[in-house]
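Quick notes on the structure that follows.
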Amino acid sequence: QKEVEQDPGPLSVPEGAIVSLNCTYSNSAFQYFMWYRQYSRKGPELLMYTYSSGNKEDGRFTAQVDKSSKYISLFIRDSQPSDSATYLCATRKSGGGSEKLVFGKGTKLTVNP
Amino acid sequence: DARVTQTPRDKVTEMGQEVTMRCQPILGHNTVFWYRQTMMQGLELLAYFRNRAPLDDSGMPKDRFSAEMPDATLATLKIQPSEPRDSAVYFCASGLALQGTEAFFGQGTRLTVV
Numbered sequence: 067q068k069e070v071e072q073d074p075g076p077l078s079v080p081e082g083a084i085v086s087l088n089c090t091y092s093n094s095a096f097q098y099f100m101w102y103r104q105y106s107r108k109g110p111e112l113l114m115y116t117y118s119s120g121n122k123e124d125g126r127f128t129a130q131v132d133k134s135s136k137y138i139s140l141f142i143r144d145s146q147p148s149d150s151a152t153y154l155c156a157t158r159k160s161g162g163g164s165e166k167l168v169f170g171k172g173t174k175l176t177v178n179p
Numbered sequence: 860d861a862r863v864t865q866t867p868r869d870k871v872t873e874m875g876q877e878v879t880m881r882c883q884p885i886l887g888h889n890t891v892f893w894y895r896q897t898m899m900q901g902l903e904l905l906a907y908f909r910n911r912a913p914l915d916d917s918g919m920p921k922d923r924f925s926a927e928m929p930d931a932t933l934a935t936l937k938i939q940p941s942e943p944r945d946s947a948v949y950f951c952a953s954g955l956a957l958q959g960t961e962a963f964f965g966q967g968t969r970l971t972v973v
């Protein structure tokens with residue numbers, strides 16, 4: 067079993083839809099949780115960052131972590147065609163910044179106009 | 860506009876040839892990561908450096924892969940000899956430890972070994 071599991075999709079939704087992306091992880095030592103967005107032929111870019119359990123909102127994006135069930139979610143409201151990308155969840159153990167990350171395989175999202 | 864720069868962007872080589880990928884981390888960052896991305900495995904950590912010293916290279920096949928940081932502005936990843944199964948996108952990322960900043964990724968090197 068991989069340390070981080072993510073449904074690869076693909077996921078296709080109409081513009082304006084609410085999108086839910088999810089990951090599960092197995093190691094309870096993971097404390098920091100991130101979502102990266104990766105456009106085609108580009109490097110991943112950090113989208114959201116949360117520490118421990120709870121919600122974090124940034125514009126149309128909400129990241130949610132439930133440590134009791136080891137479940138990570140990203141919600142996108144009012145999705146736009148420009149949100150079409152691959153979304154990768156990532157996690158790491160505690161410690162200073164820039165410690166090594168463990169990634170999910172990514173979910174490819176297409177938002178259709 | 861600070862960014863991680865990787866060269867080359869694309870590389871096609873024949874099996875058995877040596878391949879060298881280069882990375883210029885963001886100025887001032889003291890941590891450099893090498894990741895490999897494939898459809899089957901996703902993003903996998905190969906190695907990472909802190910202040911130019913290797914911290915973890917357990918994800919790297921030791922017999923053919925080597926990673927170095929000759930100086931603070933250059934990280935290299937070499938494969939010798941290359942094999943078709945090495946075909947993947949190789950990403951370099953850099954970050955600054957102790958300030959809680961997450962890693963910034965380069966655009967990647969797309970390697971095809973034929």
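Residue numbers (the working numbering), protein chains in the order written: chain A, 67 to 179; chain B, 860 to 973.
Ideal placement from N, C-alpha and C gives every residue a C-beta, glycine not left out.
Legend entry - Rounded separation between A931(B) and V891(B) - CA only: One-based indexing of the second sequence puts residue 931(B) at position 72. One-based indexing of the second sequence puts residue 891(B) at position 32. Going by the C-alpha atoms only, they are around 10 Å apart.
Legend entry - Inter-residue spacing [alpha-carbon to alpha-carbon] between S118(A) and L140(A): As a position in the first sequence, residue 118(A) is number 52, starting the count at 1. As a position in the first sequence, residue 140(A) is number 74, starting the count at 1. Straight-line Cα distance between these residues: approximately 15 Å.
Inset, instruction - Look at Y137(A) and W101(A) and say whether their C-beta atoms are less than 9 Å apart. - result: Taking the first sequence and counting its residues from 1, the one referred to as residue 137(A) is at position 71. Taking the first sequence and counting its residues from 1, the one referred to as residue 101(A) is at position 35. No, Cβ-Cβ distance for Y137(A) and W101(A) is not below 9 Å.
Inset, instruction - Answer yes or no: do A947(B) and W893(B) have a C-beta to C-beta separation smaller than 9 Å? - result: Counting from 1 along the second sequence, the entry for residue 947(B) is found at position 88. Counting from 1 along the second sequence, the entry for residue 893(B) is found at position 34. The Cβ atoms of A947(B) and W893(B) lie no closer than 9 Å to each other.
Legend entry - Contact set between F169(A) and chain B, taken where Cβ atoms lie within less than 7 Å: Position 103 of the first sequence, counted from the start, is the residue given in the question as residue 169(A). In chain order: G901 and L902.
Inset, instruction - State the CB to CB distance for the pair T971(B) and V871(B), rounded to an integer number of angstroms; the pair is presumed to be in contact (CB under 8 Å). - result: Mapped onto the second sequence, residue 971(B) falls at position 112. Mapped onto the second sequence, residue 871(B) falls at position 12. Rounded, the Cβ-Cβ distance is 5 Å, consistent with contact.
Legend entry - Which residues DSSP lists as bridging P85(A), in chain order: Within the first sequence, residue 85(A) is the residue found at index 19, counting from 1. Strictly speaking, residue 85(A) in this sequence is Val, with Pro absent from that position. V85(A) is bridged to I142(A).
Inset, instruction - Using beta-carbon positions only, say whether L175(A) and L113(A) come within less than 9 Å of one another. - result: Working through the first sequence from its first residue, we reach residue 175(A) at position 109. Working through the first sequence from its first residue, we reach residue 113(A) at position 47. No.
Inset, instruction - Pick out whichever of F950(B), Q939(B) and G901(B) has its Cα sitting closest to the Cα of P74(A). - result: In the first sequence, the residue the question calls residue 74(A) occupies position 8. Of the candidates F950(B), Q939(B) and G901(B), the one whose C-alpha sits nearest the C-alpha of P74(A) is G901(B).
Legend entry - For Y115(A) and P1022(B), the rounded distance between their alpha carbons: Any answer about residue 1022(B) is impossible in this case: the structure gives chain B only from 860 up to 973.
Legend entry - Proximity test, L914(B) beta-carbon vs the ligand SAH heavy atom, cut-off 8 Å: Questions concerning the ligand SAH fall outside what the structure shown contains, since it holds no ligand whatsoever.
Inset, instruction - Work out the CA separation of R881(B) and A156(A) for me, nearest whole Å. - result: Residue numbering aside, residue 156(A) sits at position 90 when the first sequence is read from its first letter. Residue numbering aside, residue 881(B) sits at position 22 when the second sequence is read from its first letter. Roughly 25 Å separates the two Cα atoms.
Inset, instruction - Check whether the Cβ atoms of L905(B) and M928(B) lie closer than 9 Å to each other. - result: Position 46 of the second sequence, counting from 1, holds the residue named residue 905(B). Position 69 of the second sequence, counting from 1, holds the residue named residue 928(B). No, they are not a contact pair.
Legend entry - Minimum Cβ-Cβ distance from Q966(B) to chain A less than 9 Å: As a first step, residue 966(B) is located in the second sequence; it is residue number 107 there, counting from the start. Judged by the 9 Å Cβ criterion, Q966(B) is in contact with chain A.
Legend entry - Reference S92(A); option with closest CA among P110(A), G170(A), V177(A) and P179(A): By 1-based counting over the first sequence, the position of residue 92(A) is 26. Minimum Cα distance to S92(A) is reached at G170(A).
Inset, instruction - Check whether the Cβ of A912(B) lies closer than 9 Å to any Cβ atom in chain A. - result: Translated into the one-based positions of the second sequence, residue 912(B) becomes position 53. No, because no Cβ of chain A sits closer than 9 Å to the Cβ of A912(B).
Legend entry - Coil, strand or helix - G163(A) by DSSP: In the first sequence, the residue the question calls residue 163(A) occupies position 97. With a pLDDT of only 46 at G163(A), under the threshold of 50, the placement of this residue in the model should not be trusted, and no figure is reported.
Inset, instruction - Could you name the residues of the same chain whose beta carbon sits closer than 6 Å to that of Y181(A), not counting the 5 residues immediately before and after it, in chain order? - result: Residue 181(A) is absent from the model: chain A starts at 67 and stops at 179.
Inset, instruction - Find out if the Cβ-Cβ distance for the pair Q896(B), F950(B) is shorter than 9 Å. - result: Here residue 896(B) corresponds to residue number 37 of the second sequence, with the count starting at 1. Here residue 950(B) corresponds to residue number 91 of the second sequence, with the count starting at 1. Closer than 9 Å, so yes.
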